[in-house]
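Shown next, in structure tokens, is the structure this report addresses.
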Ligand SMILES: [Zn+2]
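In the working numbering, the protein residues as written are 34 to 513.
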């Protein structure tokens, strides 16, 4: 009995030791939207601390250049000097002159991110509004390791301020047990703003709308609800219980994170402009499943963006959120992007294009969307219109994402072949890893569709004289 107690005690102590070793604790003090101070205690294994880099003109070290007065001390409060810094392309590191594992760090952030032109826009970095500021966790928290399993953070905010985050807590302003991914890969809005809670299907959505978008709240929610429900039933379940969505007024753009997305939408918010803002919102919502739930184990930008874009179009067709002429136009635009990127861009494959997403956006989104359409038509034709590309996504989500497995190109090919019940590998060889020129009508005819093209000019319609199966596929794709 005594031995068992001893062993249990040892196990318990070991557990406490492990917990303590991986613990990073942050205290964020905000006096106003221009003054942010962070204090933290953490352990380093290699005497380095890091911040991810998104480089831009004027800031070659990215947001690390906006970190001010960084001071590091050991467990006894003795200063530790910074012996060097390094930019390795993906993240910026400070090398510490210490052999101590436990350190305290202290820094301020100069909130000037919105003064720079970022390759993916301020909505993916940080910006200030009249109510407060938005920041992506990774640019707020300097870390000592990337896979920390036990982070906690407290916020000291001005009286009327609050923090909107996708994290849950029973103590306002204090969050515990966050993984490094949850801490860094999420949108935070801090200010005297309003946060709306909406339940959509199995999901609780926290919505932060900028002051000028308050009057458009019901239009935005009415658009989001049916499409978000449709995405949830497509994948068979919601990946997580709660999400945060932060939307401000600005040129349409967006970025999706672990349990949150950040968007800009342009006024006026009406039916005509919903072809952009509504579509953008559904695209980012879709990423909460494809991109953040379903995660690739290798670079798979074409699948992440192309399938998301194609299925966002299809879902808005199915829910009737967009009329057929907009659905046709979006498919025509995908072809046009593909054509222009092929004529004007470098002669690289769709798979390779993802190695430089910013430079090859037109190809990734254009051909990515178009190849998703071609695969959908081929699967539908092979299964008498009983299954489509969404079945591939659903199976991958249920069998891989929910089991914590990352996917690669071979998984996409084998799931596609399994759902189609026929071998479609040649399509991937030709248009994903190969650079064959895509002649759309060779494939679209099976789906009762025809794309009339002249250079980049393209018009989609149902194919007159096509058989019943093909026409049913075409009508299904266009949402009829
Ligand atoms: Zn996207």
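Virtual Cβ for every residue (Gly too), placed ideally from N, Cα, C.
Nonlocal neighbours in the same chain, by C-beta distance under 8 Å from residue i, ignoring five residues either side
i           : result
residue 129 : 77, 80, 81, 82, 105, 113, 114, 115, 116 and 136
residue 365 : 484, 491, 492 and 493
residue 101 : 140, 141, 142 and 143
residue 404 : 335, 339, 383, 460, 464, 465 and 471
residue 302 : 246, 249, 252, 253 and 310
residue 132 : 80
Chain-order list of residues whose beta-carbon lies under 7 Å from that of residue i (same chain, five-residue window excluded)
i           : result
residue 237 : 230, 274 and 275
residue 477 : 410, 483 and 484
residue 264 : 318, 319, 322 and 348
Residues that DSSP places opposite residue i in a beta bridge
i           : result
residue 485 : 492
residue 89  : 92
residue 239 : 230 and 277
residue 72  : 60 and 139
residue 81  : 128
residue 211 : 184
residue 287 : 296
residue 282 : 298
Cβ pair residue i, residue j closer than 8 Å
i           : j           : result
residue 307 : residue 199 : no
residue 210 : residue 183 : yes
residue 243 : residue 282 : yes
residue 261 : residue 280 : no
residue 506 : residue 467 : no
residue 369 : residue 444 : no
residue 205 : residue 65  : no
residue 340 : residue 406 : no
residue 430 : residue 399 : no
residue 193 : residue 221 : no
residue 175 : residue 122 : no
Nearest-angstrom Cα separation, counted from residue j out to residue i
i           : j           : result
residue 316 : residue 345 : 6 Å
residue 521 : residue 94  : Limits of the chain in this structure are 34 at one end and 513 at the other, which puts residue 521 out of reach.
residue 49  : residue 202 : Low per-residue confidence applies at residue 49: pLDDT is 49, beneath 50, and the placement is therefore not dependable enough to give any value.
residue 415 : residue 453 : 6 Å
residue 374 : residue 362 : 18 Å
residue 92  : residue 284 : 23 Å
residue 226 : residue 286 : 21 Å
residue 254 : residue 109 : 52 Å
residue 216 : residue 228 : 20 Å
residue 88  : residue 126 : 14 Å
residue 455 : residue 417 : 13 Å
residue 442 : residue 178 : 29 Å
residue 98  : residue 180 : 24 Å
residue 389 : residue 377 : 16 Å
residue 457 : residue 446 : 8 Å
residue 354 : residue 322 : 20 Å
residue 513 : residue 320 : 25 Å
residue 498 : residue 350 : 23 Å
residue 165 : residue 186 : 19 Å
residue 1   : residue 107 : Outside the displayed range of the chain (34 to 513) lies residue 1, so it cannot be described from this structure.
residue 300 : residue 75  : 44 Å
residue 119 : residue 96  : 14 Å
Proximal residues to residue i (C-beta, below 6 Å), its chain only, five neighbours per side dropped
i           : result
residue 335 : 383, 387, 397 and 401
residue 152 : 391
residue 157 : 288
Would you list the residues whose beta-carbon is nearer than 6 Å to any heavy atom of ligand 1, in the order they occur in the chain?
Cβ-based neighbours of ligand 1 within the cut-off: 316, 320, 338 and 341.
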